[in-house]
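For reference, the structure is listed below as structure tokens.
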Amino acid sequence: MMKYDEENSRGKMIVRTSVIGITANVLLAVVKALIGIFSNSIAIVLDAVNNLSDALSSVITIVGTKLAGREADKKHPFGYGRIEYLSALVVAIIVLYAGLTSLEESVKKILDPKVPAYSFISLLLVGIAVFVKIGLGLFTKSMGEKVNSDSLVNSGKDALLDSVISSATLIAALVFTFTGLSLEAYLGAVISLVIIKAGFEMLSETVSKLLGEPGDVKLMQDIKRTVASFPEVNGAYDLILHNYGPDTYNGSVHIELADDCTLSRVDELTREIMIEVYKKHNVILTAVGIYSVNLKNDEVAELRDEISKKVLKHEHVKQMHGFYFNKKDNTVRFDIVISFDAESRQEVFKNILTELKEAYPDLVFSLAMDMDYGEIV
């Protein structure tokens, strides 16, 4: 989780970038609308409407960022960070709506065509607008990636798409000027389909995050390395991250410890791990689970190696951990990580259990089918 001053700075950067986007898009919309009306160009008018939708998207990004920055309270103890995903969702819907509206208008113009009339000044202004949109798109997208804002990234992608659309509009105008062939309405239809496709992609990405994704793979690997760096920790497993907005994570992890580790040291160690993970990765670990393992018994180590070879030879088994052998009742317990790529994870698990029971009839197996939420080991 970000510290307050970092979060505050991030919010200011998002707002500042969005204000720049609003100003640029409103100016471009006004200029293009005037050009489109006076030259009777549906493609340029649609381009102007698209710029207005971009400006509205930036307004929504600002509102979403402000609301997401509210302090956690009794009703929402994990904060309001996910509002940013909702604002990104609204931006995607606006883009999609703009595409559908543009398609409707383009079809009307195909059925009832009107001849455009371009001037040198109008074409020059449209050309300048292309470069403005490229610069705005690259700037907005880079800022969005820098501060991890989906809304800004979506706005940046949309602006870069707009520059392509404006370029196509300019080319169509030049073709008409020199050949008399009007591609306006058809170009408008193609532009609309491109906008619709972009809107669906933005919508899909944002909905996926709202449903819950496993988390950033590199972040998960870094956290596991940090946890495993403590001398007593034999391994870090089962890391789960819950996302409550960009750069805001709570999570839990399991660690392997020697079975002779004292309860007092376990308490100290788990607290040290929580502090270190928060300090290095800004992630709050709400729980550190413990696997007790026989680390100082050669007989058990030999048994573990034998069983490990049998388990890991199965194609979709990614990992085995938490191994413990209880001599008193001949019980063996451990977890098996089975990949989501397996056609039936349950079937793989059953086959392993059957094979182990046949190989070691005197042992009682207590196995758990585990999963690696980031599909990493």
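Start counting at 1 in the sequence shown, then tack on 1082, and there's your number in our numbering.
Glycine included, C-beta positions come from ideal geometry on N, C-alpha and C.
- Fewer than three beta-carbon pairs drawn from the stretch 1256 to 1273 and the stretch 1227 to 1236 are found closer than 8 Å, and the two stretches are therefore not classed as touching.
- Counted as a single uninterrupted DSSP element, the beta strand (DSSP E) harbouring V1419 occupies residues T1413 to I1420.
- In the structure shown, the three-state DSSP call for K1378 is coil.
- Between G1093 and T1147, the CB-CB gap stays under 8 Å.
- Between I1253 and V1276 a beta carbon distance of about 14 Å is seen, past the 8 Å cut, so the two are scored as non-contacting.
- Inter-residue distance for K1228 and T1099 is about 12 Å (C-alpha atoms, whole angstroms).
- Counting only the Cα atoms, K1395 lies some 29 Å from T1308.
- Within the DSSP bridge table, the entry for H1398 names no partner.
- C-alpha of Y1360 to C-alpha of V1145: approximately 29 Å in a straight line.
- Beyond the five residues adjoining it in sequence on each side, T1413 comes within less than 7 Å, by CB distance, of V1446 and S1448 in the same chain, given in chain order.
- Boundaries for D1298: no alpha helix (DSSP H) harbours it, and the DSSP string shows neither H nor E there.
- For T1105, the number of other beta carbons within 10 angstroms of its own is below 16, and it is reported as exposed.
- Taking one beta carbon from each stretch, the stretch 1198 to 1205 and the stretch 1281 to 1288 have fewer than 3 pairs nearer than 8 Å; the two do not touch.
- If you ignore the 5 residues before and after G1327, its C-beta comes within less than 8 Å of the C-beta of A1150, G1161, Y1162, G1163, R1164, I1165, E1166 and Y1167, all in its own chain and listed in chain order.
- Beta bridge pairing from DSSP links G1317 with E1338.
- I1273 is a Cβ neighbour of L1128, given a cutoff of 8 Å.
- In this structure, the beta-carbon distance from V1365 to G1317 does not fall below 8 Å.
- Residues of the same chain with a CB within less than 6 Å of the CB of D1320, apart from the 5 flanking positions on each side, are H1336 in chain order.
- Contact check for K1114 against A1180 fails: the beta carbons are separated by 8 Å or more.
- The secondary-structure analysis by DSSP pairs V1365 across a beta bridge with Y1331.
- Listed as beta-bridge partners of M1451 by DSSP are I1418.
- Distance from the Cα of K1291 is smallest, within the candidate group V1393, S1311, D1329 and K1306, for D1329.
- Per the C-alpha coordinates, the member of V1131, G1371 and E1425 positioned closest to G1404 is G1371.
- Counting along the chain, no alpha helix (DSSP H) covers N1230, and no H or E run does either.
- The closest CA to that of A1441, considering only R1415, I1389 and G1226, is found on I1389.
- L1301 has its alpha-carbon roughly 34 Å from the corresponding atom of S1245.
- With contacts defined as CB atoms closer than 8 Å, L1367 and I1355 qualify as a contacting pair.
- Going by C-alpha positions, N1408 is about 54 Å away from S1091.
- According to DSSP, residue pairing for L1323 in a beta bridge involves G1333.
- For the options V1348, E1295 and N1325, the alpha carbon positioned closest to that of P1313 is the one of V1348.
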